[in-house]
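Mapping of the sequence shown onto our numbering: residues 265 to 581, in sequence order.
All residues carry an ideal CB built from backbone N, CA and C; glycine is no exception.
Here the structure is a predicted model, which is why all the values come from computation and not from measurement.
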Amino acid sequence: MIVLIFVLLFTVCVATKIYFKLITGWCKSQTCLKGKTALVTGPTSGIGYHTALDFAKRGARVILGCLNQTEGEWTRSRIIGETGNENVEVKLIDLNSFDSIRAFAKEINDTEERLDILVNNAGVIGFGNRRTKDDCLYVMQVNYFGPFLLTHLLIELLKKSKGSRIVNVSSLVAATVYDLDLTKLNTYPGLDHKLYARSKFCVQLFTIELAKKLRSTDITTYSVHPGIVRTNLFENVYGLGKIIILLGLFFFKTSEEGAQTTIHCAVCKGIEKLSGEHFVDCNKVSPYKSTTNLELSRKLWKVTTEIVQLKSEEIRL
Ligand SMILES: NC(=O)c1ccc[n+]([C@@H]2O[C@H](COP(=O)([O-])OP(=O)(O)OC[C@H]3O[C@@H](n4cnc5c(N)ncnc54)[C@H](OP(=O)(O)O)[C@@H]3O)[C@@H](O)[C@H]2O)c1
Numbered sequence: 265m266i267v268l269i270f271v272l273l274f275t276v277c278v279a280t281k282i283y284f285k286l287i288t289g290w291c292k293s294q295t296c297l298k299g300k301t302a303l304v305t306g307p308t309s310g311i312g313y314h315t316a317l318d319f320a321k322r323g324a325r326v327i328l329g330c331l332n333q334t335e336g337e338w339t340r341s342r343i344i345g346e347t348g349n350e351n352v353e354v355k356l357i358d359l360n361s362f363d364s365i366r367a368f369a370k371e372i373n374d375t376e377e378r379l380d381i382l383v384n385n386a387g388v389i390g391f392g393n394r395r396t397k398d399d400c401l402y403v404m405q406v407n408y409f410g411p412f413l414l415t416h417l418l419i420e421l422l423k424k425s426k427g428s429r430i431v432n433v434s435s436l437v438a439a440t441v442y443d444l445d446l447t448k449l450n451t452y453p454g455l456d457h458k459l460y461a462r463s464k465f466c467v468q469l470f471t472i473e474l475a476k477k478l479r480s481t482d483i484t485t486y487s488v489h490p491g492i493v494r495t496n497l498f499e500n501v502y503g504l505g506k507i508i509i510l511l512g513l514f515f516f517k518t519s520e521e522g523a524q525t526t527i528h529c530a531v532c533k534g535i536e537k538l539s540g541e542h543f544v545d546c547n548k549v550s551p552y553k554s555t556t557n558l559e560l561s562r563k564l565w566k567v568t569t570e571i572v573q574l575k576s577e578e579i580r581l
């Protein structure tokens with residue numbers, strides 16, 4: 265009997281894994297990125313690494329927006345080794361600090377002639393009630409406030425390149441947020457996964473509002489859910505969450521698979537009319553019900569502008 269149960273369980277697991285493999289979306293676009301510049305935050309591991317690697321393979325100049333110099337240099341060597349493309353730069357950014365984001369953006373604006381692709385990929389989960397020196401919740405700042413500020417600061421450079429794109433890495437968990445209280449964006453909800461979901465929900469509302477603001481330009485923007493991917497992201501998850509993750513590891517995507525939707529949104533031609541939409545497995549999906557409140561996206565934008573202390577000369581949107 266026990267053997268039978270084991271065989272049944274094994275078969276179900278393998279069948280599920282095969283099903284997941286079959287529905288995984290792959291970016292089929294052959295777009296060449298020679299002469300283009302792409303910036304990826306959080307490229308030292310996981311989804312970000314495979315995104316940056318793909319852009320380098322396509323011939324882009326790739327800027328690695330890294331938290332740590334040593335890891336950045338190691339990533340750069342790895343990408344150059346795998347692609348032969350030496351046009352890969354490491355620049356330091358700590359999304360945890362608005363000063364660092366401003367310094368990073370200044371350096372990019374001062375030294376780069378163009379920016380064709382911005383991928384706001386870096387993200388964290390866990391860390392509880394930890395706050396940054398800007399007095400924001402750590403997870404909210406790295407996942408949402410930081411990318412919001414960075415995008416604002418790079419928008420003029422993005423405008424210089426024809427048809428540039430901004431890809432924001434969100435998550436399916438955004439769909440679980442129904443009660444975003446704009447007065448409590450920086451109040452810890454008591455559970456790490458709730459905070460993470462809030463940050464990714466904000467990323468989606470940001471993308472929707474950003475698309476509206478960019479309508480008069482040829483810049484487009486997309487939010488993506490990469491799938492559940494085997495990466496370092498879950499290192500700071502503990503307790504029941506950790507157990508669920510460990511049990512599910514077998515079913516998770518690889519980082520290369522997880523990068524496909526980001527790459528698709530960054531390079532695939534013909535999706536421009538879908539600016540502001542959400543993508544999963546390289547396909548546009550219907551917006552999560554909770555993200556259809558356009559009034560909420562508009563208000564969130566305004567509140568966020570105040571939280572990141574956007575200066576008048578930085579408001580270009
Ligand atoms: N894995 C999944 O199942 C999944 C599902 C949905 C969405 N996502 C999203 O996908 C994105 C990529 O995550 P991943 O799964 O590839 O995880 P990962 O391997 O942990 O990559 C996260 C990256 O973000 C960087 N980072 C962390 N804190 C930072 C900071 N303060 N400033 C700048 N960079 C920072 C990390 O740098 P260091 O390594 O130097 O710390 C790392 O390069 C995240 O936005 C995540 O929320 C992932």
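Judged by DSSP in its simplified three-state form, residue 391 adopts coil rather than helix or strand. Excluding sequence positions up to five before and after residue 520, its CB lies within less than 8 Å of the CB of 314, all in the same chain and listed in chain order. DSSP places residue 448 within a helical segment (H, G or I) once states are collapsed to three. Contact annotation: residue 291 and residue 532 have beta-carbon atoms nearer than 8 Å. The beta carbon of residue 562 lies closer than 7 Å to those of 473 in the same chain, with the five residues before and after it left out.
Closest in alpha carbon position to residue 567, among 412, 368, 349, is 412. When secondary structure is reduced to three states using DSSP, residue 324 falls in the coil class, being assigned neither helix nor strand.
Residues 329, 355, 356, 357, 414 of the same chain have their beta carbon placed closer than 8 Å to that of residue 368, with the five preceding and five following residues left out of the count.
Around the beta carbon of residue 410, a 10 Å sphere encloses 16 or more other beta carbons of the protein chains shown; the residue is thus reported as buried. Residue 506 is positioned such that its CB atom lies no closer than 8 Å to that of residue 381. The beta carbon of residue 404 sits closer than 8 Å to those of 449, 450, 459, 462, 463, 466, all from its chain and outside the five residues before and after it, given in chain order. Between residue 343 and residue 281, the alpha-carbon positions lie close to 29 Å from each other. Not a single heavy atom of ligand 1 lies less than 7 Å from the C-beta of residue 341. Annotation: the continuous beta strand (DSSP E) that includes residue 432 extends over 429 to 433. Every alpha helix (DSSP H) stretch that sits fully inside the region 509 to 548 and reaches 4 residues is listed by chain position as 519 to 531.
Residue nearest to residue 477 within the set 270, 374, 385, 430 is 430 (criterion: CA-CA distance).
Within the same chain, 301, 421 come within 7 Å of residue 376 by CB-CB distance, once the 5 residues on both sides are set aside. The distance from the Cβ of residue 389 to that of residue 497 is about 6 Å, consistent with a contact at the 8 Å cut-off. In the DSSP secondary-structure assignment, residue 381 is bridged to 302, 429. Excluding the 5 residues flanking it on each side, residue 484 has same chain C-beta neighbours closer than 6 Å at 429, 536, 539, in chain order. Taking a C-beta distance under 8 Å as the contact criterion, residue 543 and residue 284 do not qualify as a contact pair.
The alpha-carbon of residue 391 is positioned some 10 Å away from that of residue 455. Classified as buried, residue 487 has 16 or more neighbouring CB atoms from the shown chains inside 10 Å of its CB.
In this structure, the straight-line span from the alpha carbon of residue 387 to that of residue 309 is close to 11 Å.
Excluding sequence positions up to five before and after residue 418, its CB lies within less than 8 Å of the CB of 303, 369, 372, 373, 379, 382, all in the same chain and listed in chain order.
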